[in-house]
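Q: In my numbering, the protein residues as written are -4 to 159. C-beta atoms are modelled at their ideal positions from N, C-alpha and C, and glycine is treated no differently.
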Amino acid sequence: MLSAAVLTISDSASAGARVDRSGPAVRERLEQLGWTVPLLEVIPDEAERISGRLAELADGGQVGAIFTTGGTGVAPRDVTPEATRAILDREIPGMAEAMRARGRESTALAALSRSVAGTRGTVLIINLPGSPKGALESLNAIVELAPHVLDLLRGKSEHAARLE
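Okay, here's the thing in structure tokens:
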């Protein structure tokens, strides 16, 4: 079974000044695709807090993937990519490139997304944009790759069989 945590990174949503719409939209889409999403959480745009929570979730063994939404733009408080990179073992640039390419089909502003994707241990971590539309477009661009990545991280591949 595929399982994921969804973290919305937003100062205003974490303070209760606006309703988080992107996190629930991502959760709903993942559940439509057969994923379980035991955690939906909102945290502020604070790099140390983001890194700490991502590491805690990745190291906790409760989910196979973590999808963040928000904090991927160029504003001064948009620190999600840096916070994510700080805890990744390996980055997967092609997934972020695919998300931006899909977004550019709808808006030229997608080129400003600094989303990253990568792994920590056996967990896949993906940064999605903060708007519900952008988050879902980006998710749809890469979600079919996620099960394969998770299999590879768990050693389920021809490569592993050849090494034995």
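So is N245 buried or exposed if we call it buried at 16+ other beta carbons inside 10 Å?
A: In the structure as shown, the chain starts at -4 and stops at 159, and residue 245 therefore has no counterpart that could be examined.
Q: Evaluate contact between the region 19 to 33 and the region 110 to 122, counting only Cβ atoms and requiring at least three cross-stretch pairs below 8 Å.
A: With a cut-off of 8 Å, the region 110 to 122 and the region 19 to 33 do not count as touching, because too few Cβ pairs lie within range.
Q: Just curious, the alpha helix (DSSP H) that S133 is in, first and last residue?
A: Counting along the chain, the alpha helix (DSSP H) containing S133 begins and ends at 127 to 137.
Q: Between which residues of its own chain and L158 is the CB-CB distance below 6 Å, once the five residues before and five after are set aside?
A: Here the model assigns L158 a pLDDT of 42, short of 50, so the residue's position is not dependable, and the following value carries that caveat. For L158, where only same-chain residues beyond five positions count, there are no Cβ hits under 6 Å.
Q: Rank F62, T67, G47, A106 by C-alpha distance to the C-alpha of R95 and give the top, closest one.
A: The shortest Cα separation from R95 among F62, T67, G47, A106 belongs to A106.
Q: Here's the rule: buried if 16 or more other CB atoms are within 10 angstroms of the residue's CB, otherwise exposed. What is L104?
A: The residue is exposed, with fewer than 16 neighbouring Cβ atoms inside 10 Å.
Q: According to the neighbour-count rule (16 or more other Cβ atoms, all chains shown, within 10 Å of its Cβ), is A155 buried or exposed?
A: The predicted model places A155 with a pLDDT of 49, which falls under 50 and marks its position as unreliable, so this point remains unresolved.
Q: Taking buried to mean at least 16 other C-beta atoms within 10 Å of its own C-beta, is S101 buried or exposed?
A: Classification for S101: exposed.
Q: By a C-beta neighbour count over all protein chains shown, 10 Å radius and 16 as the cutoff for buried, is E43 buried or exposed?
A: That one is exposed.
Q: For the region 19 to 29 and the region 83 to 93, state whether three or more C-beta atom pairs, one from each stretch, are separated by less than 8 Å.
A: Not touching, per the Cβ criterion.
Q: Tell me which residue opens and which closes the beta strand (DSSP E) that G113 is part of.
A: G113 -> beta strand (DSSP E) spans 112 to 115.
Q: A8 lies in the alpha helix (DSSP H); which residues open and close that run?
A: First-last of the alpha helix (DSSP H) with A8: 6 to 9.
Q: From which residue to which residue does the beta strand (DSSP E) around E36 run?
A: Taken as a continuous stretch (DSSP letters only), the beta strand (DSSP E) holding E36 covers 31 to 38.
Q: Using the Cβ count rule (16 or more neighbours within 10 Å means buried), how would you classify R13?
A: Classification for R13: exposed.
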